[in-house]
Amino acid sequence: MATNGTPTRWADEVDEEHQQQEQQPPAAAAAAAADDSDDDGPPPGFEKPSAGAAAGAAADALAGSLKVSEEPPVDDPDLSIRAERLIDDGPGEIKTVVADSTMYTSAKTFEELGLSQELLQGLYTEMKFERPSRIQAHNGSGKTTCFTLGMLGRVDTQLQAPQALCVCPTRELVVQNQMVLERMGKFTGITCTSTAAADYAMSRRTRIHDQVIIGTHGKLRDWMQKRVLDVRSIRILVFDEADEMLKQDAFADDTVRMIKQLRAANPQIQILLFSATFNERVKRFAQKIVPDANQVFIPKEELSLDVIKQYRVCCPRGADKVKVLKDMIFPLCEKLGQTIIFVRTRETARSLHAVMEKEGHKCTSIEGGMDKQARDKVVKEFRDGTTKILISTDVLSRGFDVTQVTLVINFDVPVERDLQTPAFETYLHRIGRSGRFGRKGAAFNLVTGDAERRVVDEIQAYFKHDIPEVPYDDEDQFVSVLKKAGLTGDDA
DNA sequence: AAAAAAT
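Anchor point for the first sequence: position 134 equals 134 in full-length UniProt numbering, and the numbering is continuous, going up by one each time.
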């Protein structure tokens with residue numbers, strides 16, 4: 001979701017009263033998403049609009065080639081009951097909530113978006129895209145394409161100053177998004193830098209002249225304070241994994257501060273919040289800081305939870321989890337694609353890695369406590385396919401896109417801080433690391449004890465999706481389950 | 001008593 005500038009209105013300082021919006025430039029689009037239910041509420045209802053945005057529609061909005069609907073918007077101050085109008089007649093209704101008279105339609109071709117020849121060339125020859133696709137939560141490149149296109153499309157190539165800013169929750173996402181942007185913008189001559197790339201460059205004293213900046217908020221804030229990053233020309237601000245960026249016990253303060261600062265410098269700034277998940281609490285908060293946002297949702301059905309086969313493996317003792325990895329997963333992994341094993345703590349990542357290595361099982365591990373060069377190396381080797389199995393904390397649970405990943409193991413089932421409440425969103429993001437780009441994927445949840453079993457039961461009920469059991473000591477069953485999930489084929 | 005970022 002996003003909005004026009006309303007410089008002095010914001011967050012906790014203001015109420016949800018809505019202001020008259022200016023018409024130019026257009027308010028931005030939101031790619032929201034999957035998880036739509038309140039934390040303390042019942043499982044999400046399918047009737048509600050949720051899930052990520054349509055690439056066509058949102059990219060359309062981003063490129064500023066908005067088409068206005070004939071019917072006037074319903075003027076209701078309460079966003080939640082504001083009229084939702086269908087703008088896409090394709091399968092699975094894409095819904096929008098607009099904050100002013102702007103209406104979006106979806107573009108059928110990239111040409112409709114009013115993009116430059118150079119940008120079109122990047123889409124066709126570099127990215128190998130043929131036409132705008134709907135944003136698909138399972139493919140990951142849908143949302144990324146959308147905001148990357150939005151940033152590239154808004155840059156004035158004649159102005160050599162920072163004009164687009166993208167904020168991400170992790171270093172790995174920064175690197176990934178920069179790679180995509182540089183590919184897509186290959187022929188545009190648009191320059192880009194990131195906080196991750198800066199770690200390998202000389203220390204920054206002089207002003208940044210690159211037109212697109214991608215970064216994690218800590219260093220971005222540092223750059224802004226030191227005036228290394230001049231924000232006066234920034235006209236578009238993107239938050240990737242925006243619900244994470246707005247979580248109260250996480251990045252919310254930094255995000256709010258940054259929005260405030262950038263708005264002060266440029267009241268007209270376009271703000272975009274993207275995620276595959278937006279629970280009600282985060283959505284409400286987002287509507288406070290970015291009131292009058294235009295919102296775009298795709299239905300939960302398209303989150304493709306069903307293309308990822310999910311199982312539970314009940315292990316009598318904790319030690320049996322390691323046994324399952326050694327006896328079942330690792331031997332089978334050799335034949336499959338790549339695997340990510342998610343654990344809850346940094347310490348588990350380290351120790352599990354050590355145990356597997358000691359037994360001669362080749363794998364790597366990553367967690368936020370490692371030094372940056374080491375993290376980069378682990379990720380690079382995994383992307384190259386040099387390593388097949390990666391043990392990770394939730395540092396990689398969101399957005400990390402490696403096409404070859406077919407298997408996700410929840411060595412620890414995802415729980416909230418209280419260690420009891422299932423972390424539904426984290427679960428969805430984790431298993432979404434497999435089955436990228438419409439490929440096959442499977443997820444195994446290793447379960448020991450009642451508490452963990454309960455967590456899996458709740459996740460199963462929440463997503464209305466069965467998580468059947470596979471015996472922990474029956475290799476034949478594992479093989480047949482993987483075959484059923486379509487992972488044993490060569491196309492995995 | 002987690003993880004994510006940074007100084």
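Glycine is no exception: its CB is placed at the ideal position from the N, C-alpha and C atoms.
Enclosing alpha helix (DSSP H) for residue i [first to last residue]
i    : result
Y472 : Run containing Y472: none; DSSP gives neither H nor E here.
T348 : 346 to 358
F239 : Segment 236 to 240 is the beta strand (DSSP E) holding F239; no alpha helix (DSSP H) there.
E280 : 280 to 289
Length of the line joining the Cα atoms of residue i and residue j
i           : j    : result
R221        : G360 : 43 angstroms
L152        : C166 : 11 angstroms
E334        : M356 : 15 angstroms
K323        : D199 : 39 angstroms
R183        : E126 : 6 angstroms
A242        : Y472 : 37 angstroms
residue 501 : P132 : There is no way to answer for residue 501, as the model of the chain reaches only from 1 to 492.
S275        : P169 : 12 angstroms
F110        : R417 : 44 angstroms
F251        : D476 : 45 angstroms
A485        : L336 : 12 angstroms
Y427        : L115 : 37 angstroms
H209        : G215 : 15 angstroms
E254        : Q225 : Looking at the sequence itself, residue 254 is Asp, so the reference to Glu does not match. Roughly 13 angstroms separates the two Cα atoms.
G5          : R263 : At G5 the pLDDT is 36, less than 50, meaning the model places this residue with poor confidence and gives no usable figure here.
R284        : K219 : 28 angstroms
L487        : P316 : 27 angstroms
E130        : K108 : 10 angstroms
G385        : Q404 : 8 angstroms
Q160        : R227 : 16 angstroms
T421        : T277 : 17 angstroms
F239        : A461 : 30 angstroms
Proximity of residue i and residue j at Cβ, strictly below 8 angstroms
i           : j    : result
residue 496 : G142 : The first residue shown for the chain is 1 and the last is 492, placing residue 496 beyond what the model contains.
residue 517 : Q211 : Since the first and last residues shown for the chain are 1 and 492, residue 517 lies out of range.
V415        : V470 : no
N410        : L352 : no
V180        : T144 : yes
D412        : V313 : no
I213        : L229 : yes
E172        : V479 : no
E367        : R398 : no
V408        : I431 : yes
Y311        : I459 : no
L390        : I308 : no
I234        : N266 : yes
L246        : A196 : no
G150        : L272 : yes
A442        : S434 : yes
T188        : E280 : no
F400        : Q338 : no
K362        : T406 : no
Reduced DSSP category for residue i - H, G, I as helix; E, B as strand; rest coil
i    : result
V456 : helix
V379 : helix
Q477 : helix
L482 : helix
F297 : strand
I389 : strand
E70  : In this prediction, E70 has a pLDDT of 25, which is less than 50 and means its spatial position is unreliable; what the coordinates show is noted afterwards. Of the three classes helix, strand and coil, the one that applies to E70 here is coil, per DSSP.
T125 : helix
T148 : helix
N177 : helix
V322 : helix
T488 : coil
D243 : helix
I259 : helix
Y427 : helix
V395 : helix
D35  : Reliability fails at D35, whose pLDDT of 36 lies under 50, so the model's placement of it is uncertain and no value is given.
First through last residue of the beta strand (DSSP E) which encompasses residue i
i    : result
K464 : Counting along the chain, K464 falls outside any beta strand (DSSP E), and DSSP gives it neither H nor E.
I271 : 270 to 274
G215 : 212 to 216
Sheet register partners of residue i (DSSP bridge)
i           : result
L407        : T339, A442
residue 501 : This structure cannot speak to residue 501, because the chain is shown only from 1 to 492.
I329        : I329 is not bridged to any residue.
V415        : P422
M166        : Before going on, a small fix: residue 166 reads as Cys here, not Met. In DSSP, C166 forms a bridge with I214, V238.
C363        : Paired residues: none, contrary to the question.
I308        : G441
T193        : I213
Residue i CB to nearest heavy atom of the ligand MG below 7 angstroms
i    : result
T387 : Of ligands this structure carries none, so the ligand MG is not represented either.
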